[in-house]
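Working notes for the structure below.
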Amino acid sequence: MKRRHQMATPSRSKSGSRAKPAGRMAKSDNAPFDLRRTLFSLFLWVLGIANLVIIAFSIQNRFATGNEHTIISDAAVVAEPNTVMKIEVLNGCGVDGLARKFADYLRTQGFDPVTITNYDRQDIPRTMVIDRASNAYVNARQVAKTLGLSDDYISYLASNRPEDVVAVRVIIGQDYKSIQLASK
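Numbering of the sequence shown is given in the working numbering, commencing with residue 407 and proceeding in unit increments.
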């Protein structure tokens with residue numbers, strides 16, 4: 407007598423659906439809501455987003471503009487009381503000897519005119535006192551006050567040469583007759 411081997415075939419119910427696996431990992435349609443796991447996942451998402459925001463602000467603060475300037479306090483650039491402020495006197499109106507006259511007057515007032523020459527142009531309408539060292543106009547105000555000029559004549563132009571020792575540049579304009587020292 408010969409035996410026949412029969413293969414096992416999966417059983418199917420009449421409804422045609424497969425049996426659901428049993429055990430701990432089985433998903434059930436009526437599984438209870440796991441609040442602890444949900445809150446932990448939510449916490450991790452919030453923590454991740456907070457980290458991204460912090461990283462974004464750090465990058466923005468470091469690389470945002472690229473043209474940050476070092477600010478030096480005015481106390482560091484103002485001439486010390488015992489030193490003489492070095493200035494330039496430039497003739498911008500074309501009158502011969504006028505820069506020398508202004509420089510001589512400013513020297514008698516305690517300034518050190520290190521450059522006395524003509525300006526690039528000779529048609530400057532108004533005298534200018536340009537502070538080259540203090541963007542708060544501290545040095546230029548001292549020179550302008552000595553010349554009897556108001557703050558309207560003062561401006562700031564940073565020196566782009568570190569070896570530049572001039573604190574103030576005076577450019578004499580065509581209004582030189584209104585400055586009282588011009589008659590001295």
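Heads up, the beta-carbon is just placed ideally off N, CA and C, and yes, glycines get one too.
Closest option to Leu555, judged by alpha-carbon separation, among Met534, Ala462, Ala573: Met534. Collapsing the DSSP output to three states places Thr514 in a helix. Proximity to Ala505 across Lys583, Leu496, Leu563, Ala573 peaks at Leu496, based on C-alpha coordinates. Put simply, the backbone Cα of Leu448 is about 54 Å away from that of Ala564. Per DSSP, Ile585 has no beta-bridge partner at all.
In the DSSP secondary-structure assignment, Ile493 is bridged to Pro519, Val574. Here DSSP, grouped into helix, strand and coil, assigns Tyr543 to coil. The Cβ atoms of Gly503 and Asp529 lie no closer than 9 Å to each other. Cβ atoms of Asn545 and Met491 come within 8 Å of each other, at about 6 Å. Annotated three-state conformation of Tyr562 is strand, per DSSP. When only Cα atoms are considered, Phe508 and Leu587 end up about 8 Å apart.
DSSP places Val501 outside both helix and strand once states are collapsed to three, so it counts as coil. Assignment of beta-bridge partners to Asn524 by DSSP yields Asn497.
Contact between Asp570 and Arg538 holds: CB atoms are separated by about 7 Å, below the 8 Å threshold. In the DSSP assignment, Ile530 falls outside any beta strand (DSSP E) and carries neither an H nor an E.
Straight-line spacing of the CA atoms in Val572 and Asp526 works out to 18 Å.
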